[in-house]
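Numbering-wise (the numbering used here), the sequence shown opens with residue -17 and increments by one. Using N, Cα and C, we set each Cβ at its ideal position, and we do this for glycine too. Owing to the predicted nature of the structure, the values given are computational and were not obtained by experimental measurement.
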Amino acid sequence: MTLAKIFVTGKVVKNPEKRFTQNDLAITSFTIDVNPQDESLVRVFTMGNLADTVEQTVKMGDSVIVEGRLQTNTFKTTSGKDKKIFEINASTVEKMSGSTSGAQTSTAQKENLVQFATEEISENLIDEDEIPF
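If you want it as structure tokens, here you go:
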């Protein structure tokens, strides 16, 4: 079930894993820690060309910004309990810094991303005059 569009920043806790669908579509998945104080983990997956790029450039320890759709999936554990997992179907993954390269995103790039995110959010806001209550 798709819930919403989301922007998340976090640190990659495991190197991305790439696999292929039956139709040879590349899918790369990785997990990010979005809140180090309580180890809040979110699974991220990418498809197609983005999956190839992520596999080649993103490594464990990198800080990333992920844009995509938030989804929930339910599965049964071996003990029979229902569990929910939150996942992001990513449309954009931007590397902020790396453990191996040590590169930092420039201040201008960060400001552009914040400006983009602000514009994206403000375009989707509902006019208060349109609310019926």
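Taken in chain order, the complete alpha helix (DSSP H) segments of 4 residues or longer contained in the region -16 to 72 are 31 to 39.
Around the beta carbon of Pro18, fewer than 16 other beta carbons sit within 10 angstroms, so the residue counts as exposed. A distance below 6 Å between beta-carbons, with the five flanking residues on each side excluded, links Val48 to the following residues of its chain, in chain order: Val(-10), Val26, Ile70, Ala72 and Val75. Here Ala33 is buried, its C-beta having at least 16 other C-beta atoms within 10 Å. For Glu37, the closest alpha carbon among the candidates Ile67, Ser11 and Gln4 is that of Ser11. Spanning the alpha carbons of Ile9 and Val46 requires a straight line of approximately 18 Å.
Rounded to the nearest whole angstrom, the C-alpha separation of Asp6 and Asn(-3) is 21 Å. Cα atoms of Lys66 and Thr13: separation of roughly 15 Å, rounded to the nearest angstrom. By the Cβ neighbour-count rule, Thr54 is exposed, with fewer than 16 other Cβ atoms within 10 Å of its own. The Cβ atoms of Gly(-8) and Asp20 lie no closer than 7 Å to each other. For Phe57, same chain residues with a beta-carbon under 8 Å away, outside a window of 5 residues either side, are Asp64, Lys65 and Ile67 in chain order. Residue burial is scored here from C-beta neighbours: Thr28 has at least 16 other C-beta atoms within 10 angstroms and is therefore classed as buried.
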